[in-house]
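Chemist: Chains as they are written, first to last, in the working numbering: chain A, 13 to 208; chain B, 13 to 208; chain C, 13 to 208; chain D, 13 to 208.
Number of protein chains: 4
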Amino acid sequence: MIGRMFPQIRKLGVLLLLAGLSAMAEPVRVLVAYHSQTGNTKQMAEALAAGAASVEDVSATTKSIETVSKQDLEEADAIALGSPVYMGDAAAEVRAAMVRWSVEFGFWDSRGLENKVGAVFATGAMPSNGKELTMMSLATGLLQFGVVLVSPYGSLGASATTYKPDPGVDEAESKIARDLGRRLAEVAGRMKRGAE
Amino acid sequence: MIGRMFPQIRKLGVLLLLAGLSAMAEPVRVLVAYHSQTGNTKQMAEALAAGAASVEDVSATTKSIETVSKQDLEEADAIALGSPVYMGDAAAEVRAAMVRWSVEFGFWDSRGLENKVGAVFATGAMPSNGKELTMMSLATGLLQFGVVLVSPYGSLGASATTYKPDPGVDEAESKIARDLGRRLAEVAGRMKRGAE
Amino acid sequence: MIGRMFPQIRKLGVLLLLAGLSAMAEPVRVLVAYHSQTGNTKQMAEALAAGAASVEDVSATTKSIETVSKQDLEEADAIALGSPVYMGDAAAEVRAAMVRWSVEFGFWDSRGLENKVGAVFATGAMPSNGKELTMMSLATGLLQFGVVLVSPYGSLGASATTYKPDPGVDEAESKIARDLGRRLAEVAGRMKRGAE
Amino acid sequence: MIGRMFPQIRKLGVLLLLAGLSAMAEPVRVLVAYHSQTGNTKQMAEALAAGAASVEDVSATTKSIETVSKQDLEEADAIALGSPVYMGDAAAEVRAAMVRWSVEFGFWDSRGLENKVGAVFATGAMPSNGKELTMMSLATGLLQFGVVLVSPYGSLGASATTYKPDPGVDEAESKIARDLGRRLAEVAGRMKRGAE
Numbered sequence: 013m014i015g016r017m018f019p020q021i022r023k024l025g026v027l028l029l030l031a032g033l034s035a036m037a038e039p040v041r042v043l044v045a046y047h048s049q050t051g052n053t054k055q056m057a058e059a060l061a062a063g064a065a066s067v068e069d070v071s072a073t074t075k076s077i078e079t080v081s082k083q084d085l086e087e088a089d090a091i092a093l094g095s096p097v098y099m100g101d102a103a104a105e106v107r108a109a110m111v112r113w114s115v116e117f118g119f120w121d122s123r124g125l126e127n128k129v130g131a132v133f134a135t136g137a138m139p140s141n142g143k144e145l146t147m148m149s150l151a152t153g154l155l156q157f158g159v160v161l162v163s164p165y166g167s168l169g170a171s172a173t174t175y176k177p178d179p180g181v182d183e184a185e186s187k188i189a190r191d192l193g194r195r196l197a198e199v200a201g202r203m204k205r206g207a208e
Numbered sequence: 013m014i015g016r017m018f019p020q021i022r023k024l025g026v027l028l029l030l031a032g033l034s035a036m037a038e039p040v041r042v043l044v045a046y047h048s049q050t051g052n053t054k055q056m057a058e059a060l061a062a063g064a065a066s067v068e069d070v071s072a073t074t075k076s077i078e079t080v081s082k083q084d085l086e087e088a089d090a091i092a093l094g095s096p097v098y099m100g101d102a103a104a105e106v107r108a109a110m111v112r113w114s115v116e117f118g119f120w121d122s123r124g125l126e127n128k129v130g131a132v133f134a135t136g137a138m139p140s141n142g143k144e145l146t147m148m149s150l151a152t153g154l155l156q157f158g159v160v161l162v163s164p165y166g167s168l169g170a171s172a173t174t175y176k177p178d179p180g181v182d183e184a185e186s187k188i189a190r191d192l193g194r195r196l197a198e199v200a201g202r203m204k205r206g207a208e
Numbered sequence: 013m014i015g016r017m018f019p020q021i022r023k024l025g026v027l028l029l030l031a032g033l034s035a036m037a038e039p040v041r042v043l044v045a046y047h048s049q050t051g052n053t054k055q056m057a058e059a060l061a062a063g064a065a066s067v068e069d070v071s072a073t074t075k076s077i078e079t080v081s082k083q084d085l086e087e088a089d090a091i092a093l094g095s096p097v098y099m100g101d102a103a104a105e106v107r108a109a110m111v112r113w114s115v116e117f118g119f120w121d122s123r124g125l126e127n128k129v130g131a132v133f134a135t136g137a138m139p140s141n142g143k144e145l146t147m148m149s150l151a152t153g154l155l156q157f158g159v160v161l162v163s164p165y166g167s168l169g170a171s172a173t174t175y176k177p178d179p180g181v182d183e184a185e186s187k188i189a190r191d192l193g194r195r196l197a198e199v200a201g202r203m204k205r206g207a208e
Numbered sequence: 013m014i015g016r017m018f019p020q021i022r023k024l025g026v027l028l029l030l031a032g033l034s035a036m037a038e039p040v041r042v043l044v045a046y047h048s049q050t051g052n053t054k055q056m057a058e059a060l061a062a063g064a065a066s067v068e069d070v071s072a073t074t075k076s077i078e079t080v081s082k083q084d085l086e087e088a089d090a091i092a093l094g095s096p097v098y099m100g101d102a103a104a105e106v107r108a109a110m111v112r113w114s115v116e117f118g119f120w121d122s123r124g125l126e127n128k129v130g131a132v133f134a135t136g137a138m139p140s141n142g143k144e145l146t147m148m149s150l151a152t153g154l155l156q157f158g159v160v161l162v163s164p165y166g167s168l169g170a171s172a173t174t175y176k177p178d179p180g181v182d183e184a185e186s187k188i189a190r191d192l193g194r195r196l197a198e199v200a201g202r203m204k205r206g207a208e
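(1) Just the C-alpha distance for G15(D) and D69(A), rounded to the nearest angstrom, thanks.
(2) By the three-class DSSP mapping on this structure, what secondary structure does R41(D) have?
(3) Are V181(B) and Q55(B) closer than 8 Å when you measure CB to CB?
(4) Under the DSSP definition of a beta bridge, which residues are partnered with I91(B)?
(5) Below 8 Å between beta carbons: does that hold for R205(C) and G158(B)?
(6) Going straight from the alpha carbon of K82(B) to that of A104(D), what length do you get?
(7) Are any of the Cβ atoms in chain D nearer than 8 Å to that of M148(C)?
(8) Could you pull the start and end residues of the beta strand (DSSP E) that K176(B) belongs to?
(9) Report yes or no: is there a C-beta of chain A within less than 8 Å of the C-beta of L192(D)?
(10) Taking 8 Å as the cut-off, does the segment 146-153 of chain B touch the segment 116-127 of chain B (at least 3 CB pairs, one atom from each stretch)?
(11) Using only CA atoms, which one of G94(B), E183(B) and N127(B) lies nearest to E208(B)?
(12) How would you list, in chain order, the residues of chain B whose beta-carbon sits under 8 Å from the beta-carbon of E144(D)?
(13) Starting from V111(D), trace the alpha helix (DSSP H) in both directions and tell me its first and last residue.
(14) Can you give me the Cβ contacts of M203(A) inside the same chain, cut-off strictly under 7 Å, excluding the 5 residues immediately before and after it?
(15) Checking 8 Å against the spacing of the C-beta atoms, do V97(B) and G142(B) come in under that value?
(16) Leaving out five residues before and five after M110(C) in sequence, what residues of the same chain have Cβ atoms less than 7 Å from its Cβ?
(17) Count the CB pairs spanning the segment 161-181 of chain C and the segment 160-170 of chain A that are closer than 8 Å, and state whether there are at least three.
(18) Would you please verify whether the beta carbon of G166(A) is less than 8 Å from any beta carbon of chain C?
(19) Would you be able to state if there are at least three C-beta pairs under 8 Å between the segment 84-99 of chain C and the segment 131-141 of chain D?
(20) Enumerate in chain order the residues of its own chain whose CB-to-CB distance from K176(C) is below 8 Å, with the five nearest sequence positions on each side excluded.
(21) Output yes or no for whether 8 Å exceeds the beta carbon distance between L85(B) and W113(B).
(22) Mind checking who T135(D) pairs with in its DSSP beta bridge?
(23) Helix, strand or coil: which one does DSSP assign to A207(D)?
(24) Flag this pair as yes or no: are the beta carbons of E58(A) and T74(A) separated by less than 8 Å?
(25) Let me confirm a value: A184(C) is counted as buried when at least 16 other C-beta atoms fall within 10 Å, else exposed. Which label applies?
(26) Give the residues of chain A in contact with T173(C), contact being defined as C-beta atoms less than 7 Å apart.
(27) Could you give the residue range of the beta strand (DSSP E) that holds S76(A)?
(28) Looking at the secondary structure, which residues open and close the alpha helix (DSSP H) in which E58(D) lies?
(29) Taking only three categories from DSSP, how would you classify V115(C)?
(30) Spell out the partners DSSP gives V160(D) in its beta bridges.
(31) For M17(A), name the three-state secondary structure that DSSP assigns.
(32) Looking at the strands, I want to know which residues DSSP matches up with D191(A).
(33) Using a Cβ-Cβ cut-off of less than 8 Å, list which residues of the segment 94-123 of chain A approach chain D; keep chain order.
(34) Taking DSSP as the reference, what is the three-state secondary structure of A200(C)?
(35) Using beta carbons (cut-off 8 Å, strictly below), is G153(D) in contact with chain C?
(36) When you compare the CB positions of F133(C) and A189(C), do they come within less than 8 Å of one another, or not?
Written out as structure tokens, the structure is:
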């Protein structure tokens, strides 16, 4: 059977070789877009980027969502999206960005974000005060753009409870963000290598 | 037993009489706050207000959420909140209003919206494209302020699918909004009469 | 104006007096229905019932959801519903109960739960692992039956994180459940007194 | 630069060639697991499987979730999960399956479903009556197992409104399911080819 398929296999081998070369030449790019007022969500964003950058041939950038450009999104292989919880759900700034990406940047019509890999994260003052709803909101936004979603094992995204019982982002919460960053980068690499 | 409790009953009767007088003097006020770009959510808001106003001793007002004042909210016995779906969830304008009501109007600290009665509604272009998530977002916002939530029988809020399969708000969708308005007004009346 | 309305007021006063008598004769009944495997959700149920029972003229009962009868539900003025998180959402046992209440007990068709007052609670091993989604599931179930929903100030329901960072239900989590129980009983009393 | 990396490239080429051969030898397997009482969810499952099977080198199977075995799940590269809406959320049978997969089949501890590709679908009698919440429940279940999630463009999953305004699964709803099946198979193929 291998003999019969020989010419095809050879062609495939060449294609895969070229894909391999191209994959080695271009790193996987991870964009971590967030809104942050007090710095907690920024801290989670940085932990996530550090986790992503720990993977070989991956570059990771954090950007306040207000400054994310069309080009930033086009160049990204993976997009992590983070928001604090305000009154139980995502920040207006993040909701506004979804519309900007869709309409102003034209990604809804161009389908330019399709098959990028995504992940979400959130911070909130109290336990169960809207971090899950916020992450559902962010995840839904990404999925509607055709993004493929990855999550931490056992939850929808990386989250931190930043006021009670303990203030700020603690080490366990940072670790979940770092691990999610690594996983996001790995799956993005896999999707990139697997592209035909 | 009635005899033994006589003085208390008499006192209660007087209190309830006064409560009844006060309830007859002041109508139940329903505020329908919405964001609308194409007019569909406004149309649902008006249907909801019409349903509320059809209840005796109820006055209902619709207001674009950008123009809702602190006083509007203070005077309302019931608040309906509506949003179109943008990229799978509530409009940024509505999310921003939740923060304005909380921080700028001070309702978070004053608990000034507690025990008002609330309901939610949403419009979206396509079936199952985020109307439920939008209504969860709006409902969560109201509940976090201590609002008591009512819904149409069998769903979380009143919703309309405004592009496919049929464009705009149809009669069945309007009816659900009207019925929700009536129910909202009735429960608000009941909460008002039952206040000690 | 009061003079002009005199006969009506008198009639109203009598009605309210009778309502008051009836309210004094019959306590507000709170049913706390839960599923529990390890005992954590049961503990939250008991805290909620204790909070409810601390309100004057309120009786509260906890029942494993498997044993809740049609009569239990009919007699309740308020229903609290609780579940542990299993794989990110409510227990199958609770989902099955919603269908039993609807079809076997006939509450969907009879609308027999309409205008009762409800609240929800959940326990889960880890932060943000599905407690919010579980509470949305429970809240949606109650709302679809026409139940009027109350929540703790600032969240959708009472919840406890029972494994990490600290095991079991702690005092802060119990307190939220007790407070929710009290609020549930108070709003149920108000709805009962306000019934025409 | 290419010269300098020559031995590595050659090794990579060989690896990719082998990966290519292996990919050609083993089809991508898509498992569509569903619960269905009236046949509507089964119909959506079959549309999804047909879409998946239309992709080259893809085999697709539909199975009632009660009969899905550990081996079915192990062998699948992609898992679609579907449920009807009962009282606003997923069927108890599907919730029970999540626990069975986790505990009885041991997939929680073995992480045996990690990096498989998943998608969700739902049917419900009325518009906005819980199909989105059902899909969030199913999506959350899959994501907690480490599944990578894909969705139809513009929504969280494929859904059908099966009673009002029009009964059963219509052609537009079937098409969304077919398209989702195709997309699921394509992304699963890409993840498989891209595995190192």
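Every residue, glycine too, gets a C-beta built ideally from N, C-alpha and C.
Modeler: On the basis of the supplied data:
(1) The residue you call residue 15(D) lines up with position 3 of the fourth sequence. The residue you call residue 69(A) lines up with position 57 of the first sequence. Bear in mind that a pLDDT of 38 at G15(D), under 50, signals an unreliable position, so the number given afterwards is only what the model happens to contain. One C-alpha to the other measures close to 19 Å.
(2) Residue mapping note: residue 41(D) aligns to position 29 of the fourth sequence, counting from 1. R41(D): strand per DSSP, three-state reduction.
(3) In the second sequence, counting from the first residue as 1, residue 181(B) sits at position 169. In the second sequence, counting from the first residue as 1, residue 55(B) sits at position 43. Cβ atoms of V181(B) and Q55(B): closer than 8 Å.
(4) Start at 1 with the first residue of the second sequence, and residue 91(B) comes out as number 79. Answer is L43(B) and G130(B).
(5) Here residue 205(C) is taken as the residue at index 193 of the third sequence, counted from 1. Here residue 158(B) is taken as the residue at index 146 of the second sequence, counted from 1. Taking 8 Å as the Cβ cut-off, R205(C) and G158(B) do not qualify as a contacting pair.
(6) Counting from 1 along the second sequence, the entry for residue 82(B) is found at position 70. Counting from 1 along the fourth sequence, the entry for residue 104(D) is found at position 92. Cα-Cα distance, rounded: 44 Å.
(7) Here residue 148(C) corresponds to residue number 136 of the third sequence, with the count starting at 1. M148(C) belongs to the set of residues whose beta carbon lies under 8 Å from a beta carbon in chain D.
(8) By 1-based counting over the second sequence, the position of residue 176(B) is 164. That residue, K176(B), is in no beta strand (DSSP E); it is neither H nor E in DSSP.
(9) Here residue 192(D) is taken as the residue at index 180 of the fourth sequence, counted from 1. It does not; no Cβ of chain A falls within 8 Å.
(10) no
(11) As a working mapping, residue 208(B) is identified with position 196 in the second sequence. Nearest of G94(B), E183(B) and N127(B) to E208(B), Cα basis: N127(B).
(12) What you label residue 144(D) is simply residue 132 of the fourth sequence in a count that begins at 1. S140, G142, K143, E144 and L145, listed in chain order.
(13) As a position in the fourth sequence, residue 111(D) is number 99, starting the count at 1. Counting along the chain, V111(D) sits inside the alpha helix (DSSP H) bounded by residues A104 to V111.
(14) Mapped onto the first sequence, residue 203(A) falls at position 191. Cβ within range, chain order: N127, V129 and V160.
(15) What you label residue 97(B) is simply residue 85 of the second sequence in a count that begins at 1. What you label residue 142(B) is simply residue 130 of the second sequence in a count that begins at 1. Taking 8 Å as the Cβ cut-off, V97(B) and G142(B) qualify as a contacting pair.
(16) Along the third sequence, one-based indexing puts residue 110(C) at 98. Around M110(C): G153.
(17) Counting C-beta pairs closer than 8 Å gives fewer than three between the segment 161-181 of chain C and the segment 160-170 of chain A, which falls short of the contact rule.
(18) Numbered from 1 along the first sequence, position 154 holds the residue referred to as residue 166(A). With 8 Å as the cut-off, G166(A) counts as an interface residue toward chain C.
(19) no
(20) Residue mapping note: residue 176(C) aligns to position 164 of the third sequence, counting from 1. The answer, listed in chain order, is A137, M138 and P139.
(21) Mapped onto the second sequence, residue 85(B) falls at position 73. Mapped onto the second sequence, residue 113(B) falls at position 101. Against a cut-off of 8 Å, the Cβ pair of W113(B) and L85(B) comes out as a contact.
(22) Position 123 of the fourth sequence, counted from the first residue, corresponds to residue 135(D). T135(D) is bridged to P96(D) and A172(D).
(23) Sequence index remark: in the fourth sequence, residue 207(D) carries index 195 (1-based). Reduced to three states, the DSSP call for A207(D) is coil.
(24) As a first step, residue 58(A) must be located in the first sequence, where it is residue number 46. As a first step, residue 74(A) must be located in the first sequence, where it is residue number 62. Yes. Within cutoff.
(25) To locate residue 184(C), count along the third sequence from 1; it is residue 172. With a threshold of 16 other beta carbon atoms within 10 Å, A184(C) falls short and is exposed.
(26) Sequence index remark: in the third sequence, residue 173(C) carries index 161 (1-based). Within chain A, the residues near T173(C) are P139.
(27) Walking along the first sequence from the start, residue 76(A) turns up at place 64. For S76(A), the enclosing beta strand (DSSP E) begins and ends at V70 to S76.
(28) By 1-based counting over the fourth sequence, the position of residue 58(D) is 46. N52 to A65 is the extent of the alpha helix (DSSP H) around E58(D).
(29) Position 103 of the third sequence, counted from the start, is the residue given in the question as residue 115(C). Looking at V115(C) - three-state DSSP - the assignment turns out to be helix.
(30) Numbered from its first residue, the fourth sequence carries residue 160(D) at position 148. Beta-bridge pairing links V160(D) to V129(D).
(31) The residue given as residue 17(A) occupies position 5 in the first sequence. Confidence at M17(A) is low in this model, with a pLDDT of 49, below 50, so the placement of that residue should be treated as unreliable; the coordinate-derived value is given next. Residue state, collapsed to three classes: coil.
(32) Locating residue 191(A) in the first sequence gives position 179, counting from the first residue. In DSSP, D191(A) forms no bridge with anything.
(33) Within the segment 94-123 of chain A, the residues whose Cβ lies closer than 8 Å to some Cβ of chain D are R123, listed in chain order.
(34) Within the third sequence, numbered from 1, the residue matching residue 200(C) stands at position 188. DSSP places A200(C) in helix when its eight states are reduced to three.
(35) One-based indexing of the fourth sequence puts residue 153(D) at position 141. So yes, G153(D) belongs to the interface.
(36) Your numbering for residue 133(C) matches position 121 in the third sequence. Your numbering for residue 189(C) matches position 177 in the third sequence. It is a contact, given that the beta carbons lie within the stated cut-off.
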